[in-house]
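A short worksheet on the structure shown next.
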Amino acid sequence: MITFVENNRDIETYLYLRSKVNWKKLSREQAQKALDNSLYILTAYDGGTPVGMGRIVGDGAVICYVQDLIIVPDHQGRGTGSAILKKLTEYVDELRLPDTEIMYALMCAKGREKFYKKHNFTARPTENLGPGMIQYLKD
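Numbering (our numbering), first residue to last: 384 to 522.
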């Protein structure tokens with residue numbers, strides 16, 4: 384049975400999950416700062432073992448981003464990612480100020496577009512929205 388824990392800022396869990404999906408290695412300091420600066424974190428456990436995580440980052444008023452939606456490979460396709468994303472979306476919607484609109488965005492990995500479209504995200508570019516862009520800053 385999958386259980387969820389809110390705002391677990393445990394660096395070992397975060398680094399473990401990132402390693403299970405072969406994401407870029409982070410320094411411990413970088414990982415801890417990322418967790419500490421998250422607006423909201425939701426971690427999924429199966430029998431005490433972490434199997435997924437999603438974070439919300441942003442300003443909490445104008446824009447929030449889904450960051451690091453991670454599901455270990457043997458739990459992909461079982462609904463864990465959908466459950467996490469649903470709870471992340473509910474969290475962001477609760478942040479929304481009365482009579483306002485909040486931008487809720489993400490950058491998905493190549494090949495994952497179908498999953499996010501199923502959850503009402505719009506792929507860019509569109510007629511009115513340009514493509515997402517990125518820049519990596521490093522030494």
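Glycine residues also receive a C-beta, built at the ideal position from the N, C-alpha and C atoms.
Are the Cβ atoms of residue i and residue j separated by less than 8 Å?
i: isoleucine 485; j: valine 475; result: yes
i: threonine 386; j: tyrosine 428; result: yes
i: isoleucine 446; j: alanine 488; result: yes
i: leucine 418; j: arginine 401; result: no
i: valine 434; j: histidine 458; result: yes
i: methionine 436; j: tyrosine 397; result: yes
In three-state terms, what does DSSP make of residue i?
i: leucine 460; result: According to the sequence as given, residue 460 is glycine; it is not leucine. Here glycine 460 sits in coil by DSSP.
i: valine 455; result: coil
i: aspartate 429; result: strand
i: arginine 411; result: helix
i: phenylalanine 387; result: strand
i: leucine 401; result: The amino acid at residue 401 is misidentified as leucine; the sequence shows arginine. Helix.
i: alanine 466; result: helix
i: alanine 445; result: Looking at the sequence itself, residue 445 is valine, so the reference to alanine does not match. Coil, per DSSP.
i: alanine 492; result: coil
i: isoleucine 394; result: helix
i: tyrosine 499; result: helix
Do you know how far the Cα of residue j is from the Cα of residue i?
i: isoleucine 517; j: glutamine 415; result: 22 Å
i: tyrosine 399; j: valine 455; result: 10 Å
i: leucine 425; j: glutamate 473; result: 12 Å
i: asparagine 511; j: glycine 462; result: 32 Å
i: proline 481; j: leucine 471; result: 19 Å
i: lysine 407; j: glycine 443; result: 27 Å
i: valine 404; j: asparagine 503; result: 24 Å
Would residue i be called buried (16 or more neighbouring beta carbons within 10 Å of its own) or exposed?
i: proline 514; result: exposed
i: glutamine 450; result: buried
i: leucine 520; result: exposed
i: glycine 464; result: buried
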